[in-house]
Amino acid sequence: MRTYGLPGRRFGGSGRYGDRGQVTVEFLGMTPTILVTLVVLWQLVLVGYTFTLAGNAADEAVRAATAAGPGARQGACQDAGRDKLPGAWEGGAGVDCSTANGYVTADVRLEVPILFPGTVGFPFTVHGHAGAVEEEEDDD
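Here it is, written out as structure tokens:
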């Protein structure tokens with residue numbers, strides 16, 4: 000029979016120390032789960048950031064292409080599409096620009112890095128697309 004609350008009596012467990020260390024053991028058991036969760040969340044942040052970069056690079060590329068002359072449009076578009084990308088994403092970036100019927104489009108492809116930008120990327124790419132109407136030239 001166990002009596003609780005009396006002086007000299009311990010709650011739960013047997014032996015001198017009872018349940019001491021239980022929290023430490025439970026935390027050590029949960030540590031891999033916590034770490035995996037943090038890694039997955041970080042990877043999702045990188046995927047979202049890559050989508051943002053691809054969209055922004057496509058917008059910048061189209062903006063530069065509409066302002067450039069007809070002969071320099073392709074080069075200006077590709078240069079502007081790569082210019083705003085951080086170095087880790089710049090290497091694997093693909094920028095395609097096209098003009099048809101007074102409309103300029105830019106498609107940007109970026110590789111999603113695995114855990115650390117600048118290292119190995121996933122085998123799939125993120126696409127960004129933008130389009131704008133060509134600016135009219137002044138005939139002055």
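All residue numbers for the sequence shown refer to numbering that gives the first Met the number 0, where the first residue is 0 and numbers rise by one. Note that CB positions come from ideal geometry on N, CA and C, so glycine has one too.
Using a Cβ-Cβ cutoff of less than 6 Å, which residues in the same chain neighbour residue i once the five nearest sequence positions on both sides are dropped?
i: VAL46; result: VAL111
i: GLY117; result: ALA87
i: GLN77; result: VAL94
i: GLN73; result: CYS96
I believe residue i touches residue j by the beta-carbon criterion, under 8 Å. Please report the beta-carbon distance rounded to the nearest angstrom.
i: ALA92; j: ARG81; result: 6 Å
i: VAL61; j: ALA99; result: The Cβ separation is near 13 Å, so there is no contact.
Quick one: residues in its chain with C-beta nearer than 7 Å to the C-beta of residue i, no 5 flanking neighbours on either side, listed in chain order?
i: LEU109; result: THR49, LEU52, ALA53, TRP88, GLY91, ALA92, THR124, VAL125
So what does DSSP say about residue i, is it helix, strand or coil?
i: ARG108; result: strand
i: PRO31; result: helix
i: VAL119; result: coil
i: GLY93; result: strand
i: GLY130; result: strand
What does the Cβ neighbour count give for residue i, buried or exposed, with the cut at 16 atoms within 10 Å?
i: ASP58; result: buried
i: GLY127; result: buried
i: LEU37; result: exposed
i: VAL44; result: exposed
i: ALA129; result: buried
i: ALA56; result: buried
i: LEU84; result: buried
At a threshold of 7 Å, does residue i count as lining the ligand GTP (C-beta to nearest heavy atom)?
i: VAL132; result: This structure simply doesn't include the ligand GTP, nor any ligand for that matter.
Residues in its own chain within less than 8 Å of residue i by CB, not counting five upstream and five downstream?
i: GLU134; result: THR65, ALA66
Length at least 4, wholly inside the region 15-89: the alpha helix (DSSP H) runs in chain order: 21-66, 72-82, 86-89
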